Amino acid sequence: MSVKSTLKRILPIGVFERIKRIANGRLSLYGMTLTQAHRFNKAYAKYDSTGICQIAARMTFFTHQIEKGLSHTNFRYGFGHKPLQYLKDAMEKYQHADASYESSVVYQSALAALHEYAVRHEGHEEEFAFARSLFPGNIWRAAAQAPVTCGGSLVITAESKLHNASLTFSELSENRHSVREYSSSPVSYEEIKPAIDCAMRTPSVCNRQPSRVKVILDPKQISSALQIQGGFGGYAMPPALILITADSRVFMTPQEHNEGFVDGGLFGMSLLLALEEKGLAACPLNTMFLPSADKATRKLLDIPDYENFVMYIAVGHFPDEIRTCRSTRRNSDDVICLIR
Ligand SMILES: Cc1cc2nc3c(=O)[nH]c(=O)nc-3n(C[C@H](O)[C@H](O)[C@H](O)COP(=O)(O)O)c2cc1C
């Protein structure tokens, strides 16, 4: 006989129902959270992870760091010693972990970023010396062969965005890129509001619509918020900043406790595409806060405990011409598992 049926038989019905509620409520919430933490802890890409997936993730992360450096308007010759070292480490590990590493998009992307790093340093041998000596000659030779479209930076023009409203969904998706540097013209609430209206069509679980949106136009608040956020270093402040949070009060059971991140993430994607369609440049920014940053941001922007941070989105107008990261995507075959 199960514990449940034994308890049901021996306890008065009121007491049994209370125990059941506690077990299915708070206990299961903490239990699920611990299980989730345990699974995450076993899987995430630590420095000494040996799995292909984790090594590839670290390679992508450090490739992205290089791409960000390559796309800065104020290009800093010789940038990125640390990311280059970590990238080298990840590339070496990947060569050992994956027999077909040479054909991997992730690896090719790293090579393409390195190639652009070398090309952009032509005539700046002194600043390039560190990177040159860090990677062996065969890597630089392979980098020179990597398709340019696989990694590095690309240039976006404001003119190319003029007809965004007439693009198909595929074209809009294909041409949207995170843009981190904006023209000097301000962005008004009236320009942003139609994009938020459009994102309101985002589906959510049982249509409970947990997403909440803060539109921050005050330069001081933007600067303080992004200083705490920490992932926008080296860029001028955007003229507008949006914060998406998820309101936990719309959820009804403990197993829904992550749903706000799902619904809020979907909302964020809709909003990014809507901003793009309306000709505004944007970049999602993480709100993966440690407790001190969480607390400071809540205080700064007056965010109640019942709202969870989902993401920021920096918004501005496209400058006439701007570089950004290519952020090459893996092939869909790499992520699809077909069950039939
Ligand atoms: C939730 C989320 C958080 C992100 N956080 C940051 C960030 O803190 N700083 C940053 O420069 N880019 C950030 N990005 C932008 C990613 O780097 C970018 O989306 C990715 O490289 C894909 O490139 P794309 O947006 O140009 O397609 C974030 C993106 C997402 C979706």
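Take 991 as the starting number for the sequence shown in the working numbering and just add one per residue.
The beta-carbon is built from N, C-alpha and C at its ideal position, and this holds for glycine as well.
The structure presented is a predicted model; accordingly, all values stated were derived computationally and were not measured.
DSSP-derived helix/strand/coil call for residue i
i: residue 1203; result: strand
i: residue 1233; result: strand
i: residue 1040; result: coil
i: residue 1019; result: helix
i: residue 1169; result: coil
i: residue 1194; result: coil
i: residue 1177; result: coil
i: residue 1147; result: strand
i: residue 1350; result: The requested residue 1350 is not part of the displayed model; the chain covers only 991 to 1330.
i: residue 1152; result: coil
i: residue 1327; result: coil
i: residue 1065; result: coil
i: residue 1084; result: helix
i: residue 1184; result: helix
i: residue 1160; result: helix
i: residue 1079; result: helix
i: residue 1228; result: coil
i: residue 1209; result: helix
i: residue 995; result: helix
i: residue 1220; result: coil
i: residue 1132; result: helix
i: residue 1024; result: helix
i: residue 1033; result: helix
i: residue 1214; result: helix
i: residue 1001; result: coil
i: residue 1090; result: coil
Which listed residue (the options) has its alpha carbon closest to that of residue i
i: residue 1269; options: 1144, 1121, 1140 and 1173; result: 1173
i: residue 1271; options: 1150, 1058, 1159 and 1197; result: 1150
i: residue 1221; options: 1290, 1277 and 1078; result: 1277
i: residue 1298; options: 1247, 1313 and 1212; result: 1247
i: residue 1162; options: 1266, 1321 and 1030; result: 1266
i: residue 1288; options: 1263, 1204 and 1176; result: 1204
i: residue 1192; options: 1145, 1260 and 1109; result: 1260
i: residue 1258; options: 1131, 1217, 1303 and 1312; result: 1303
i: residue 1199; options: 1217, 1218, 1238 and 1166; result: 1238
i: residue 1023; options: 1217, 1007 and 1244; result: 1244
i: residue 1251; options: 1212, 1080, 1195 and 1129; result: 1195
i: residue 1197; options: 1254, 1137 and 1284; result: 1254
i: residue 1317; options: 1015, 1206, 1051 and 1063; result: 1051
i: residue 1165; options: 1324, 1135, 1184 and 1319; result: 1319
i: residue 1063; options: 1329, 1322, 1313 and 1326; result: 1313
i: residue 1284; options: 1176, 1218 and 1018; result: 1218
i: residue 1286; options: 1240, 1216 and 1005; result: 1216
i: residue 1207; options: 1240, 999, 1180 and 1184; result: 1180
i: residue 1136; options: 1092, 1006, 1018 and 994; result: 1092
i: residue 1241; options: 1321, 1072, 992 and 1296; result: 1296
i: residue 1232; options: 1076, 1015, 1159 and 1301; result: 1301
i: residue 1292; options: 1211, 1324 and 1329; result: 1211
i: residue 1038; options: 1076, 1138 and 1014; result: 1076
i: residue 1176; options: 1168, 1155 and 1209; result: 1209
Short Cβ contact (8 Å threshold) for residue i with residue j
i: residue 1282; j: residue 1234; result: no
i: residue 1140; j: residue 1095; result: yes
i: residue 1049; j: residue 1084; result: yes
i: residue 1228; j: residue 1113; result: no
i: residue 1170; j: residue 1097; result: no
i: residue 1186; j: residue 1230; result: no
i: residue 1035; j: residue 1047; result: yes
i: residue 1142; j: residue 1060; result: yes
i: residue 1315; j: residue 1057; result: yes
i: residue 1274; j: residue 1256; result: no
i: residue 997; j: residue 1009; result: yes
i: residue 1118; j: residue 1108; result: yes
i: residue 1120; j: residue 1068; result: yes
i: residue 1053; j: residue 1099; result: yes
i: residue 1188; j: residue 1236; result: no
i: residue 1145; j: residue 1311; result: yes
i: residue 1214; j: residue 1290; result: yes
i: residue 1065; j: residue 1110; result: yes
i: residue 1045; j: residue 1080; result: yes
i: residue 1152; j: residue 1133; result: no
i: residue 1309; j: residue 1087; result: no
i: residue 1055; j: residue 1070; result: yes
Secondary structure, alpha helix (DSSP H): runs of 4+ residues fully inside the stretch 1235 to 1320: 1249 to 1267 and 1281 to 1291
Nearest-residue set for ligand 1, Cβ under 5 Å from any heavy atom: 1167, 1168, 1221, 1274, 1275, 1276, 1301 and 1317
Continuous alpha helix (DSSP H) assignments of at least 4 residues falling wholly in the stretch 1094 to 1128: 1095 to 1110 and 1115 to 1124
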